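Asker: There's a structure below that I have some questions on.
There are 2 protein chains.
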Amino acid sequence: MFSLLRSSSLRRFSSSAIRADRAVVYAQNGDPSQVLTVLTYPNLPQPPPNSVNVQFLLSPINPADINVVEGVYPTKPTRADTLIAPGKNGECQFFVGGNEGLARVTALGAGVNSLAVGDWVIMLKQQAGTWATDRNVSATDILKVPNSEDLTEAQAATLTVNPPTAYNMLSDFVALQSGDWVIQNGANSAVGQAVIQIAAAKGLKTINLIRDRPDLEQLVQKLENLGATHVLTYDQLSDKSVREKVKEWTGGKAIRLGLNCVGGKDTTAMARLLGEDGHLVSYGAMAKQPLSLPISLFIFKNLTCHGFWQSRWYSQRSLGERETLMKNLVNLMTEKKLDTPEHEIIVVKMDESDEQATQKVRETLQAISGGRYGKKVLLKIESA
Amino acid sequence: MFSLLRSSSLRRFSSSAIRADRAVVYAQNGDPSQVLTVLTYPNLPQPPPNSVNVQFLLSPINPADINVVEGVYPTKPTRADTLIAPGKNGECQFFVGGNEGLARVTALGAGVNSLAVGDWVIMLKQQAGTWATDRNVSATDILKVPNSEDLTEAQAATLTVNPPTAYNMLSDFVALQSGDWVIQNGANSAVGQAVIQIAAAKGLKTINLIRDRPDLEQLVQKLENLGATHVLTYDQLSDKSVREKVKEWTGGKAIRLGLNCVGGKDTTAMARLLGEDGHLVSYGAMAKQPLSLPISLFIFKNLTCHGFWQSRWYSQRSLGERETLMKNLVNLMTEKKLDTPEHEIIVVKMDESDEQATQKVRETLQAISGGRYGKKVLLKIESA
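Taken in sequence, the protein lines are chains L and F.
Numbered according to full-length UniProt numbering, the first sequence terminates at residue 384, and the numbering increases by one at each position without gaps.
Numbered according to full-length UniProt numbering, the second sequence terminates at residue 384, and the numbering increases by one at each position without gaps.
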């Protein structure tokens, strides 16, 4: 197994330097717990014209980030050799992990007028390499987060993937009116919780499916506190009486939108609860099983099945649409309608060696892969 | 098992009457080979105002008609007691089979100016009960077929279900341009053959999937003669090399439309050949298996899955749109771009008794249910 630490092409810099910039990098795709390395690199020079230096404050480790490192995700990272530890004749080429994150502007290059030192920014480019302390980025590759004392770092750091996924799925497929119903599975996921809250803010009613568990009552209570209208387990969903129960809840009103991040037979059962002209939108496949649906649902109930991928949304929309989306989400957050997601912050401390930090990051990624985290994991790499 | 022949509520009329009107009827849902009965009824009186009497020339027996008789189809037939053999106080109520058919106007009621005796007409209402000789229908429930010597009876009789399904699926989901590709399974079905021809008339290229069979070469030749660009068996589809082969054919151009009347794993394999932003439209489920698709196709390739049901199309469109559709199809037919479907005509002769005719109809329906007909079956009930 290749390890960056053993790569002769890797230039390493002493962590005893006065100020340490660090990043989580990899030279080739593979199991994150084996290919990721924390690397110290020289402090950034002053930013070239039309660029800024930023320092990351908090960077999520999303499940998709793991797939990117593994090389099984459709989006490929860009090599970072010119920004960190430049090699001779391109001999040292590697990737910086991380797609999402909140950064603070630390220095402005000539010609940058739209930003100020201290501004909070998020990345416009996919796979920007956010698992780092400091990076130099083009001023056109970042978006300023509105100043607000009510916005937490964790909210701003998670602004580009989960809440927009929830927001757009609730808007882009069915013209829902206040009082309309939405059904979703994986309702306890980060997107699921955002769906509950954004739907509630829009006056929509939600039926939320979750796995049975020992502390079920507690979770149901938590989701109801977020605004969930009803919560069902997959076991309850498979019971024949569920159709009558749902009919009673909705007063027979057709459920037109279903959101799926699971797949397999539980999703088939959910799709059957959709009414005439329903739309089933898939954005995840946690059960690692296909979407399997009776063809009669398509022909006679006019079911339509879509996929949603926030990355595609970004690639097809204008900067203006993107700013509007962010502002809508920030407004929901500052109006306390969209809560900070449950999260745990993994801190890579200044006094940890690269070897120790590497060990910590690898263990964290392994735990996330194994599904041992029930909450969002945010990485904070300390720097001066 | 209930049989109409044994029903005390059924009034039967002598088949020795000077002129015999007859229909294939059933009093309750069930296996067509057990519940269908050929019934002789009195000649129709002169048509009431705003209605016409029509005589059916040819009436298809479509697979969906069998499901209607069985009671497992979403569209329900209407009872016909007031038109044929009226019972006392509604005690005799039954259905006339058949949804599609070509009829000839035989008599006009007062106030009907848009039609003339001798006009060819097709039914606007679903489940109009076309397995009959003569019926009285409202003038607003029929549509005049354009006069054309080039239009065969079999073409006009099959104008409302299969060709429009093919035509609309090629228009309603993807804005295809000449030179674009379409892939379909069940390519030898009546709809499949219409798809091949209509696509060819539009300059579209088709990849057509069929079952392997002893006379494969002959069928491939036949479909190519109709205009099929390429024909593949499901065995060839499941071979790993198929992707390269298809890429060679299309020059790497994305296939944006797939048409499915099968389901199961062969449809999964077909869906994988669709390109970015592809649409898979299901209009049948001959394999009686669900549509099962990897969720990644939805998320990362932006696949959308729809259903198509010509009955819904009719219920949602204006009479004008319907006339335009029919004219477009008749034009394709008279321009020899859409051939008369392969068919077999089952004739119920004048000199056959109702019992003999019932036997013949039941045997025919049983053969169709068992898949013993490779072609369209058209019913012709002789009358004076």
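We put the beta carbon where it would ideally sit given N, CA and C, even for glycine.
Given the structure is predicted, the values throughout are model-derived calculations rather than measurements.
Return no unless some Cβ of chain L is closer than 8 angstroms to the Cβ of R211(F).
Answerer: no
Asker: Counting only beta-carbon separations shorter than 8 angstroms, does G129(F) have a partner in chain L?
Answerer: no
Asker: Could you check where the beta strand (DSSP E) with M123(L) kicks off and where it finishes?
Answerer: W120 to M123
Asker: By the 8 angstroms beta-carbon criterion, what residues does the stretch 288-317 of chain F contribute toward chain L?
Answerer: P290, L291, S292, L293, P294, I295, S296, L297, F298, I299, F300, K301, N302, L303, T304, C305, H306, G307, F308, W309 and R312
Asker: Within this structure, are the beta carbons of N50(F) and G111(F) separated by less than 8 angstroms?
Answerer: The answer is yes: Cβ separation under 8 angstroms.
Asker: Please look up how many angstroms separate the CB atoms of V38(F) and Q28(F), rounded, as I've assumed it's under 8 angstroms.
Answerer: That pair is no contact at about 17 angstroms.
Asker: Could you tell me the alpha carbon to alpha carbon distance between S383(F) and I346(F), rounded to whole angstroms?
Answerer: 14 angstroms
Asker: Helix, strand or coil for S51(F)? Go by DSSP, reduced to three states.
Answerer: Here S51(F) sits in strand by DSSP.
Asker: Rounded to a whole number of angstroms, what is the C-alpha to C-alpha distance between residue 415(F) and A128(F)?
Answerer: Lying before the first or after the last residue shown, residue 415(F) is absent from chain F, which here runs from 1 to 384.
Asker: Any beta carbon from chain F within less than 8 angstroms of G275(L)'s own beta carbon?
Answerer: no
Asker: Using a Cβ-Cβ cut-off of 6 angstroms (strictly less than) and excluding sequence neighbours within five positions of G90(F), which residues of its own chain qualify?
Answerer: With a pLDDT of 49 at G90(F), under the threshold of 50, the modelled position of that residue is not reliable, and the figure given next carries that caveat. There are no such residues.
Asker: G263(L) versus chain F: which residues are under 8 angstroms apart at the beta carbon?
Answerer: I295
Asker: When burial is assigned at 16 or more other CB atoms within 10 Å of the CB, is N188(L) buried or exposed?
Answerer: buried
Asker: So the beta strand (DSSP E) S238(L) belongs to, where does it begin and stop?
Answerer: Here S238(L) belongs to no beta strand (DSSP E); instead the alpha helix (DSSP H) covers Y234 to S238.
Asker: Just curious, the alpha helix (DSSP H) that D266(F) is in, first and last residue?
Answerer: K265 to R272
Asker: Taking the beta carbon of A85(L) as the centre, do at least 16 other beta carbons fall within 10 Å, making it buried, or is it exposed?
Answerer: Low local confidence applies: a pLDDT of 45 at A85(L) is under 50, so the model's placement there is unreliable, and no value is given.
Asker: Would you mind reading off the limits of the alpha helix (DSSP H) that contains N147(L)?
Answerer: Element bounds for N147(L): n/a, residue is neither H nor E.
Asker: Since A132(L) contacts R22(L) with CB under 8 angstroms, what's their CB separation in whole angstroms?
Answerer: In this structure A132(L) is in contact with R22(L), their Cβ atoms being roughly 7 angstroms apart against a cut-off of 8 angstroms.
Asker: Looking only at its chain, what residues have a beta carbon closer than 7 angstroms to the beta carbon of G71(F), apart from the 5 residues adjacent to it on each side?
Answerer: N29
Asker: Please decide whether E382(L) counts as near chain F, where near means a Cβ-Cβ distance under 8 angstroms.
Answerer: no
Asker: Taking 8 angstroms as the threshold, find out whether the stretch 91-110 of chain F comes into contact with the stretch 279-287 of chain F through three or more Cβ pairs.
Answerer: Too few Cβ pairs lie closer than 8 angstroms, so no.
Asker: Whole-angstrom Cβ separation of G101(F) and P60(F), contact assumed at under 8 angstroms?
Answerer: 7 angstroms
Asker: Below 7 angstroms on C-beta distance, what does P74(F) contact in chain L?
Answerer: F300
Asker: Which term fits K376(L), buried or exposed, when burial requires 16 or more other beta carbons within 10 angstroms of its beta carbon?
Answerer: That one is buried.
Asker: For the alpha helix (DSSP H) containing D65(L), name the first residue and the last one.
Answerer: P63 to E70
Asker: At the level of alpha carbons, what is the spacing between Y73(F) and D172(L)?
Answerer: 32 angstroms
Asker: What's the C-alpha gap between A190(L) and N162(L)?
Answerer: 6 angstroms
Asker: In the stretch 174-202 of chain L, which residues sit with their C-beta less than 7 angstroms from some C-beta in chain F, listed in chain order?
Answerer: When C-beta distances to chain F are compared with 7 angstroms, every residue of the stretch 174-202 of chain L stays at or above that value.
Asker: Tell me whether the beta-carbon of V182(F) lies closer than 8 angstroms to the beta-carbon of T165(F).
Answerer: Here V182(F) is not near T165(F), since their CB atoms are 8 angstroms or more apart.
Asker: DSSP state of Q197(L), grouped into three classes?
Answerer: In the structure shown, Q197(L) sits in a helix (DSSP, three-state: H, G or I).
Asker: Indicate whether I255(F) and L273(F) have their beta-carbon atoms separated by less than 8 angstroms.
Answerer: yes
Asker: Span of the alpha helix (DSSP H) holding N225(L)?
Answerer: L216 to L226
Asker: With 8 angstroms as the threshold, decide whether the Cβ of L83(F) is near any Cβ in chain L.
Answerer: Unreliable placement is indicated for L83(F), whose pLDDT of 49 sits below 50; the coordinate value is still reported in the next sentence. Not an interface residue.
Asker: So with CB distances below 7 angstroms, who are the chain A contacts of S171(L)?
Answerer: No chain A is part of this structure, whose protein chains are labelled L and F.
Asker: With a threshold of 8 angstroms between beta carbons, is S282(F) in contact with chain L?
Answerer: yes
Asker: Suppose you measure from the CA of R243(L) to the CA of H230(F); what does that come to, to the nearest Å?
Answerer: In a straight line, the C-alpha of R243(L) is about 45 angstroms away from that of H230(F).
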